[in-house]
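Presented below is the structure to which this report refers.
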Amino acid sequence: MPAFKIADISANSEIRAVLLLADKQLRPYKNKPGHFLTVELMDKSGSIKGFLWDNGEEAYDLLADAKVVEVSGVIREFNGELQLNINSICDAGDGFDPADFLPSVENYAELKNAFLERLEEVKQSIAEELKMLLETVFNAEFLEKFCRAPAATKYHHARLGGLMQHTLHVLNNALALAGNYPAVDQQLVAVGALLHDLGKVEELYYDTTFGYTVEGNLLGHIVQGSLMFKEAMEKVRRSVSFPKEKENLLLHILISHHGVNEWGSPKRPKTLEALIVHYADLIDAEADKFLMIEGEKGSCVYSKFLNRNVYLSR
Numbered sequence: 104m105p106a107f108k109i110a111d112i113s114a115n116s117e118i119r120a121v122l123l124l125a126d127k128q129l130r131p132y133k134n135k136p137g138h139f140l141t142v143e144l145m146d147k148s149g150s151i152k153g154f155l156w157d158n159g160e161e162a163y164d165l166l167a168d169a170k171v172v173e174v175s176g177v178i179r180e181f182n183g184e185l186q187l188n189i190n191s192i193c194d195a196g197d198g199f200d201p202a203d204f205l206p207s208v209e210n211y212a213e214l215k216n217a218f219l220e221r222l223e224e225v226k227q228s229i230a231e232e233l234k235m236l237l238e239t240v241f242n243a244e245f246l247e248k249f250c251r252a253p254a255a256t257k258y259h260h261a262r263l264g265g266l267m268q269h270t271l272h273v274l275n276n277a278l279a280l281a282g283n284y285p286a287v288d289q290q291l292v293a294v295g296a297l298l299h300d301l302g303k304v305e306e307l308y309y310d311t312t313f314g315y316t317v318e319g320n321l322l323g324h325i326v327q328g329s330l331m332f333k334e335a336m337e338k339v340r341r342s343v344s345f346p347k348e349k350e351n352l353l354l355h356i357l358i359s360h361h362g363v364n365e366w367g368s369p370k371r372p373k374t375l376e377a378l379i380v381h382y383a384d385l386i387d388a389e390a391d392k393f394l395m396i397e398g399e400k401g402s403c404v405y406s407k408f409l410n411r412n413v414y415l416s417r
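The working numbering puts the sequence shown at residues 104 to 417.
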C-alpha cells in the first residue's frame, strides 16, 4: 500500500489507506428509515470525516472493537471542507499501534530536554517552598504523563507532547512580559505558568485517540487542576511552611487563566501576575491556530478555529 497522508488529500481523488478510527456514530436518514455511518479518521498529519451512506448499521457493529481501520473511498468537497465518501471500511486488526497514527510534536526528545532544562532553571531560581511545590507536582510519574499529553483534542497543540510544548511557550511568554514590570512577582508568574494547565493530564485521554475522560467532561481541567494543586499543597505543608496568601495567589492564576467566565474561568484575573499568565496562554493558543493552517504562500485561507480568513505570509 503506497504511503498516504491525510494532509496531502485533494478533492476527487480516490484513496485506500490504513487510518486511526477516532470516532464513529450512526446518524438517521432524513427521508427514509435507517442510519448512515459517520466516522472521524486520523493519521499523524491530520483528520478527516468520512461517510458510509449504505449499510451503516452493519458496518457500525463490525467496527465495535476497531481502533485502526482499512478504508477506501473518494474525497469530495462539501461546504468548503474535504470529506471521504466511503466505499468500504473494515477493522485492520491488531497489527497496528494506535499511537503511531496520533499527531505528535516534531523533535519530541529535543523538546522534552528543553522543557526539563527550563523547569530545572525555574526551580533553582525560586523560593524553597515554591521549589518543593514544583517537585511535588512534577514527580517522575506525573512528569512522564505531562510530557506526553496533548494540550487539547482539536483547538490548539492537539498532538502528543502538545501540553509540554504549550507550557514551555507560556512560561517563556509570561517571563518575557513580566520582565517589563518591576512590580511583578516573577516567581509567582513562573510557577503559575508551569502549573496553569496541569489538570489537562487528567482531563484528556490520548492512548488510542484524543478525547475527554469522564472526569474531564464533568469537571474540566481548571477544576481538576485546582484539586491537584490543593492536594500537592497538603503534601508540601508537611515539610515546609507555605504562606496562605502565596497559595491563594497561585491558585488564582490557575482558576483565572482563561480570562473570562465565558471561556471557563470562574474568576477574571485580579492580579498582574494572573493577567500576564492569561495573556501568555492566550497568545500561544492563538498562535498555534495560525501555525496549523496550511495553504499556498500569499493566499488567504479560512480558519474555522479563528473564525476568519488568514493571510499566509510564510
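Just so it is clear, CB atoms sit at the ideal spot from N, CA and C, and this is done for glycine as well.
{"Asked": "Within its chain, find whatever has a CB closer than 7 Å to the CB of Tyr414; leave out the 5 residues flanking it on each side and keep chain order.", "Found": "Cys403"}
{"Asked": "Sorted by chain position, which residues of the same chain lie with C-beta nearer than 6 Å to Glu224's C-beta, five sequence neighbours on each side aside?", "Found": "none"}
{"Asked": "Grouping DSSP H, G and I as helix and E and B as strand, with all else coil, what is Met395?", "Found": "coil"}
{"Asked": "Which term fits Pro105, buried or exposed, when burial requires 16 or more other beta carbons within 10 angstroms of its beta carbon?", "Found": "Because the pLDDT of Pro105 is 46, which lies under 50, any placement of that residue in the model is unreliable, and the number read from its coordinates should be weighed accordingly. Classification for Pro105: exposed."}
{"Asked": "Got a sec, what are the start and stop residues for the alpha helix (DSSP H) Leu236 sits in?", "Found": "Glu231 to Val240"}
{"Asked": "List in chain order: all unbroken alpha helix (DSSP H) runs of 4+ residues lying wholly within the region 290-368.", "Found": "303-306, 317-321, 324-339 and 347-359"}
{"Asked": "Nearest-angstrom Cα distance between Gly219 and Leu271?", "Found": "The identity of residue 219 in the sequence shown is Leu, whereas the question assumes Gly. Rounded to whole angstroms, Leu219 to Leu271 spans 9 Å at the Cα level."}
{"Asked": "Tell me which residue opens and which closes the beta strand (DSSP E) that Leu155 is part of.", "Found": "Gly149 to Leu155"}
{"Asked": "Step through the CB atoms of chain C and report whether any lies within less than 8 Å of the CB of Asn283.", "Found": "Annotation note: the requested chain C is absent from the structure, which comprises a single protein chain."}
{"Asked": "Pick helix, strand or coil for Ala254, following the three-state DSSP scheme.", "Found": "coil"}
{"Asked": "Find the nearest neighbour of Leu354 within the set Tyr308, Leu291, His269 and Thr256, judged by alpha-carbon distance.", "Found": "Leu291"}
{"Asked": "Using the Cα positions of Lys373 and Gly367, report the straight-line distance between them to the nearest angstrom.", "Found": "16 Å"}
{"Asked": "Going by the CB atoms, is the gap between Gly328 and Gly302 shorter than 8 Å?", "Found": "yes"}
{"Asked": "Among Lys234, Val287, His324 and Leu122, which has the Cα closest to the Cα of Val172?", "Found": "Leu122"}
{"Asked": "Taking only the alpha-carbon atoms, compute the straight-line gap between Lys215 and Cys250 and give it to the nearest angstrom.", "Found": "7 Å"}
{"Asked": "Tell me whether the region 222-240 and the region 170-185 touch, counting them as touching only if at least three CB pairs, one residue from each stretch, are closer than 8 Å.", "Found": "no"}
{"Asked": "Hey, His299 and His259: beta-carbon distance below 8 Å or not?", "Found": "no"}
{"Asked": "Would you mind giving the Cβ-Cβ distance between Ile48 and Lys370, rounded to the nearest angstrom? I have them listed as a contact below 8 Å.", "Found": "Any answer about residue 48 is impossible in this case: the structure gives the chain only from 104 up to 417."}
{"Asked": "Have a look at Ser344 and Ile112 and give me their C-alpha separation to the nearest angstrom.", "Found": "58 Å"}
{"Asked": "Measure the CB-CB distance between Leu280 and Leu222 and report whether it falls below 8 Å.", "Found": "no"}
{"Asked": "Could you tell me the boundaries of the beta strand (DSSP E) in which Phe181 lies?", "Found": "Val171 to Phe181"}
{"Asked": "Do you know offhand how far Ala377's Cα is from Asn351's?", "Found": "11 Å"}
{"Asked": "Give the straight-line distance between the Cα atoms of Glu143 and Glu337, rounded to the nearest whole angstrom.", "Found": "42 Å"}
{"Asked": "Could you tell me which residues DSSP puts in a beta bridge with Phe139?", "Found": "Arg130"}
{"Asked": "Quick one: grab the DSSP three-state call for Gln227.", "Found": "coil"}
{"Asked": "Confirm, please, whether the CB-CB distance from Thr316 to Tyr309 is below 8 Å.", "Found": "no"}
{"Asked": "Between Pro131 and Thr312, which are expected to be in contact by the criterion C-beta below 8 Å, what is the C-beta distance as a whole number of angstroms?", "Found": "The pair is not a contact, with the Cβ atoms about 24 Å apart (cut-off 8 Å)."}
{"Asked": "Output the distance between the C-alpha atoms of Val101 and Glu180, rounded to the nearest integer angstrom.", "Found": "A question about residue 101 goes unanswered here, because the residues of the chain that appear run from 104 up to 417."}
{"Asked": "Can you grab the Cα-Cα spacing for the pair Ser148 / Pro346, in whole Å?", "Found": "47 Å"}
{"Asked": "If you follow the beta strand (DSSP E) that Glu184 is in, where does it begin and where does it stop?", "Found": "Glu184 to Asp194"}
{"Asked": "Return the residue from the list Ala293, Ala167 and Glu334 that minimises the CA-CA distance to Leu375.", "Found": "Ala293"}
{"Asked": "Specify the secondary structure class of Tyr414 as computed by DSSP and reduced to three states.", "Found": "strand"}
{"Asked": "Expressed to the nearest angstrom, what Euclidean distance is found between the alpha-carbon atoms of Phe139 and Arg119?", "Found": "20 Å"}
{"Asked": "Select from Trp156, Glu306 and Gln289 the residue whose C-alpha is nearest the C-alpha of Thr256.", "Found": "Glu306"}
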